[in-house]
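**Student:** Using numbering that gives the first Met the number 0, read the sequence shown as starting at 0 and increasing by one per residue.
Ideal Cβ placement from N, Cα and C applies to all residues, glycine included.
Computed from a predicted structure; not experimentally measured.
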Amino acid sequence: MLQVPSSEAAPLKLHVECLELFMAFCSVGLSGFGGVLPWARRMLVEQRRWLTDEEFTNIVSLCQFLPGPNITNVSICVGARFAGFRGSLSALSGILAVPVIIVILLAMLYDAYGHIKPVQDAFRGISSAAAGLIVGMAIKMAYPMRRSFRAITFMALTIGAVLVLKLPLIWILLVLVPPSIVVAWMMRR
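1. Would you kindly check if the distance between the Cβ of V77 and the Cβ of A96 is under 8 Å?
2. Below 8 Å on the Cβ atoms is my guess for P37 versus M136; work out the distance and round it to an integer in Å.
3. Between G34, I138, M42, G124, which has its C-alpha nearest S26's C-alpha?
4. To the nearest angstrom, how far is it from the Cα of V35 to the Cα of R187?
5. Can you say whether F55 is buried or exposed, counting buried as having 16 or more other CB atoms within 10 angstroms of its CB?
6. If you measure between the beta carbons of A82 and R47, is that distance less than 8 Å?
7. Distance check for R145 and I100, CA to CA, integer angstroms please.
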């Protein structure tokens, strides 16, 4: 059976200092090159226990609906939750600081050596690993919802819209988000 680590306990902290947010998201940005959300989940849910599985899934779901990179949106939401506007800036700075420098350096190297076959092969391998990280995170996010027929229905509809119908993301969101919100709201009543 698939064992998915989770944090069933409530988060330990209600307030996180800005420096702690910066350092935590900086470590995520450094360790999650090519697939940051799985590392963010591990740090936020499993290691530091700042969020529960459900809270992380809710934040990521919201952030996927918003424009911009998911991880930057997640860092802003988490930072705001624990330290307000300054927390958002701290977490966002942490997630972007070192990776931006690394990307600039790698772009310069790729520009100089990208035509060499071993370099092209290395980038194909990196792409495969990144795809695997994304699939793994999707499984971890879906696992807590495995007993909910409604959640599985919306997941299946979304997967079908992406893989079979090949619909643009905006149409999938516009069609599936409103009824999923209504269903979730009705279930909590």
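**Tutor:** By the coordinates alone:
1. no
2. 4 Å
3. M42
4. 31 Å
5. buried
6. no
7. 40 Å
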